[in-house]
Structure formats: structure tokens, C-alpha cells
Amino acid sequence: MRLPKSLIDGYWRFRRERHAPEKGRYRQLAELGQSPTAMVIACCDARVDVSAIFDAGPGDLFIMRNVANLVPPFEPEGKFHGTSAAVEYAALVLKVPNIIVLGHSHCGGVAAYREKLKGNVDETSFIARWLTLLDGLEVNERDIAAYDKETAFELAGVRQSLANLRTFDALKEREAEGLLTLHGLHFDIASGTVIELDERDHFAPVPEEAKA
Ligand SMILES: [Zn+2]
């Protein structure tokens, strides 16, 4: 029943080196609740360390992780919608001003979908069912030219999830009122580079200084 040693050691380092120096901040978060800058929808992939990428601290990010960072369309009759529940909570209760869909390089989920298209995946698995959210994916020719086919698929997945977020009326309304901004990002594991979807619907590196 023991945790792996690396996790026990890591936990105690966290207690000493991170929690103790920020005790006041943690206490404040416990008492006043969370007010995160953004919700981030990221992949489960262990290489995508969301808080590290944004150098974020406790309380900064409301993170939902699932296979291939997907958002289903609004489906009130559906059964167990973990991602939709998190989106709803972030938008309606926490009233986050930003929702970020964060794709990443070498995404096993997106690769599995491409295998599925070739008939190489068991259609009855949970993963295959979940990845049908990528059905009808429109891969952008410009993305293929600017990056490569694998990345272009991942970017198309990010675009699809952004489109699905806009099927939630509450989000569409908050976006129209200027209370919410939706962002599409992609993280390259090897280089650490994050590109973002801009106003022209192009993915480009995040500039060093935040735009005014
Ligand atoms: Zn992934």
C-alpha cells in the first residue's frame, strides 16, 4: 500500500519547500476560495505539466485533463460528462475570464485517432468512443505546411474543442459580453515552445510580452 518512494519524497519536499513558505497563500485560498485566472483543458499526458508551463502557483489555474484535451459538444441528455461539468463550473460558478484548450506534440490520443481511421483500434474501447469527438476533423492545409501532418491534426483537435465550447450557450453569452476569452494553444514537448491561435486563425508563437 506504500506509495512509490519518489512520490513520498516529492510530497515531503512539497511540504517543506513549497507549502511551508506559502502557508499564508494556502490559508487564504482555503478561506476565501479559488478565483483562477484561467481554466485549462489539457491532455492527461504526463509530459504536459500545465502549472510548470505557465509557471503558475496554487489557485491560479483550474485544470481539466482528459485524453487528447477534448471538449464534447453541449449534450444535456448525455450521461457522465466530466469535462462538460468542469467547463460549466468554471464558467458559471467561478466565472473564469479565460478558457484555454492546450494541445501538445506527440499526443498519443490524437495518434490513436489516426490509427482508428486506419481501422487499427478496438472500436468498443472507452478510448475509441471518446476519440469519436475528433470525427469530422478538418485538418488545415496551412498548418500542415507550417508544421507537419501530426501537429496539424493536433491543432485541428484544438480548433474542434474551441468550436465545441461555443456550443455551450452560457459560454457563448459570456464571450459575446466580453467576459470570457477562449484560447487555443499547443505545447511542443521537446522545445518547450507554445503556439497560440491568433485573430487570423493562424497558430503562432506566444509573444514575449502580453498583448495590450
Ligand atoms: Zn495528448
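Position 42 of the sequence shown, counted from 1, bears residue number 28 in this note's numbering, the numbering being contiguous throughout. Backbone N, C-alpha and C fix where the C-beta goes; we use that ideal spot for every residue, glycine too. Bear in mind that the values here come from a model prediction, so they are computed numbers and not experimental data.
*According to DSSP, residues forming a beta bridge with residue 168*: 85
*Can you name the start and end residues of the alpha helix (DSSP H) that residue 257 belongs to?*
The structure shown does not extend to residue 257, since the chain is modelled only from -13 through 198, so no value can be given for it.
*asked:* If you measure from each CB to the nearest heavy atom of ligand 1 and keep those under 6 Å, what residues do you get, in chain order?
replied: 29, 31, 54, 90, 93, 94 and 95
_Contact the region 64 to 75 vs the region 86 to 94: 3+ CB pairs below 8 Å_ = no
*Select from 191, -7 and 152 the residue whose C-alpha is nearest the C-alpha of residue 59.*
152
_With DSSP as the reference, identify every bridge partner of residue 27, one or two as the case may be._
Answer is 50 and 87.
*Since I believe residue 126 is in contact with residue 142 (beta carbons under 8 Å), could you give me their beta-carbon distance rounded to a whole number of angstroms?*
6 Å
*Are the Cβ atoms of residue 102 and residue 117 separated by less than 9 Å?*
yes
_Given residue 99 as reference, the closest of 85, 86 and 122 once Cα atoms are compared_ = 122
*Between the C-alpha atoms of residue 39 and residue 18, what's the straight-line distance to the nearest angstrom?*
26 Å
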